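K.L.:
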Amino acid sequence: TQLLEQSPQFLSIQEGENLTVYCNSSSVFSSLQWYRQEPGEGPVLLVTVVTGGEVKKLKRLTFQFGDARKDSSLHITAAQPGDTGLYLCAGATYDNAGNMLTFGGGTRLMVKP
Amino acid sequence: NAGVTQTPKFRVLKTGQSMTLLCAQDMNHEYMYWYRQDPGMGLRLIHYSVGEGTTAKGEVPDGYNVSRLKKQNFLLGLESAAPSQTSVYFCASSDGTGDYNEQFFGPGTRLTVL
C-alpha cells in the first residue's frame, strides 16, 4: 500500500505570512497532484507535476516535485484569507483503472486577516 | 454542464439500515470512483469503475457494493450500515488518460450512522 504523509496537519497564520506544506512518500509516483477543498464541497485540482524536479507556479502558490518523484511541496507567499481551506496532495499511478490517486491526510490552513 | 452531482447531500441512518448513494456525471467520462473522507485521513478509495458494466475494489471496500449500469451513473450501496461508516462520501470521474489526468469531484454526501 502506498502512503503519502502530509505535514503539517493544521496551520494557522496571519495574512501576509509565508508557508510551506510538505507531502512525502517512500513510493515513486507517476505524477503528483495538489487539490484544494472548501467546506461542503469536493476537492478541486490546483496543479499536476509530472517530471522529477519540476516547479510550477500558480500566482502566489509554488509547487515542486522532488527529483526522485517521491515527495512534493506547496509554498504560499504572502498568504491571504482567501487561501483558507484544506489542501490535499495526491500521488498518481497508472494501471488498467486509469489514474489511481493516493491521497495524503490533508493540511487545514487558516489565514487570519 | 452540471459536472458531477451526488444525491442525497445528507443522510442519517440507524445501524443495520440500508441505503444507496447516487452519483451522476455529464462529461462522458469512462472512469468513476467512490471515496470516503474521514478527519486527518484524506480520501480513501472504496470502489471504482473503468467503464459501463465494470466495477473493482479499492482500498476500503468492505461493507459497500457498487453498480455501473449506465455510463453516467455510479451507485454506492450500504447493505447494513454500521457506525464505522459514518463519513463524508465523494464521487469522482475522469477520462482516465494521460499524465495530467484530472479527477472531477462531486459535492459529497455526509452520512451519519447511529
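From first to last, the protein sequence lines are chains A and B.
Be aware that the first sequence starts at 2, since it is given in my numbering, and climbs by one per residue.
Be aware that the second sequence starts at 102, since it is given in my numbering, and climbs by one per residue.
In this text, a Cβ means the ideal position worked out from N, Cα and C, and glycines have one as well.
In this text the structure is predicted, and so the values were computed from the model without any measurement.
(1) Is it true that the CB of GLN38 (chain A) sits closer than 8 Å to the CB of THR49 (chain A)?
(2) Whole-angstrom Cβ separation of TYR190 (chain B) and LEU212 (chain B), contact assumed at under 8 Å?
(3) Do you know whose CA, among A:PHE66, A:CYS90, A:VAL56 and A:PRO40, lies nearest GLN10 (chain A)'s CA?
(4) At a Cβ threshold of 8 Å, is LEU110 (chain A) touching chain B?
(5) Whose C-beta lies closer than 6 Å to the C-beta of THR78 (chain A) among residues of the same chain, with five residues either side of it excluded?
(6) Whose Cβ in chain B lies nearer than 7 Å to the Cβ of PHE104 (chain A)?
(7) Could you pull out every residue in the same chain whose Cβ sits closer than 8 Å to the Cβ of LEU46 (chain A), ignoring the five residues on either side in sequence?
(8) Starting from PRO114 (chain A), find everything on chain B with Cβ-Cβ shorter than 8 Å and list it in chain order.
(9) Quick one, which residues of the region 53 to 77 of chain A are near chain B if we go by CB-CB under 7 Å, in chain order?
P.N.:
So, to answer that:
(1) Sequence index remark: in the first sequence, residue 49 (chain A) carries index 48 (1-based). Sequence index remark: in the first sequence, residue 38 (chain A) carries index 37 (1-based). Result no, Cβ atoms of THR49 (chain A) and GLN38 (chain A) do not sit closer than 8 Å.
(2) Position 89 of the second sequence, counted from the start, is the residue given in the question as residue 190 (chain B). Position 111 of the second sequence, counted from the start, is the residue given in the question as residue 212 (chain B). At roughly 6 Å, the Cβ-Cβ gap stays under 8 Å, so TYR190 (chain B) and LEU212 (chain B) are in contact.
(3) In the first sequence, residue 10 (chain A) corresponds to position 9, counting from 1. Among A:PHE66, A:CYS90, A:VAL56 and A:PRO40, the Cα nearest to that of GLN10 (chain A) belongs to A:CYS90.
(4) Sequence index remark: in the first sequence, residue 110 (chain A) carries index 109 (1-based). Chain B, which has no Cβ nearer than 8 Å to the Cβ of LEU110 (chain A), makes this no.
(5) Your numbering for residue 78 (chain A) matches position 77 in the first sequence. Excluding sequence neighbours, THR78 (chain A) sits near ASN19 and ARG61.
(6) As a position in the first sequence, residue 104 (chain A) is number 103, starting the count at 1. Simply GLY143 and LEU144.
(7) Reading the first sequence from its first residue, position 45 is the one you call residue 46 (chain A). For LEU46 (chain A), where only same-chain residues beyond five positions count, the Cβ hits under 8 Å are GLN34, TRP35 and TYR36.
(8) Position 113 of the first sequence, counting from 1, holds the residue named residue 114 (chain A). Under the 8 Å cutoff, chain B gives no residues; its nearest Cβ is about 26 Å from PRO114 (chain A).
(9) none
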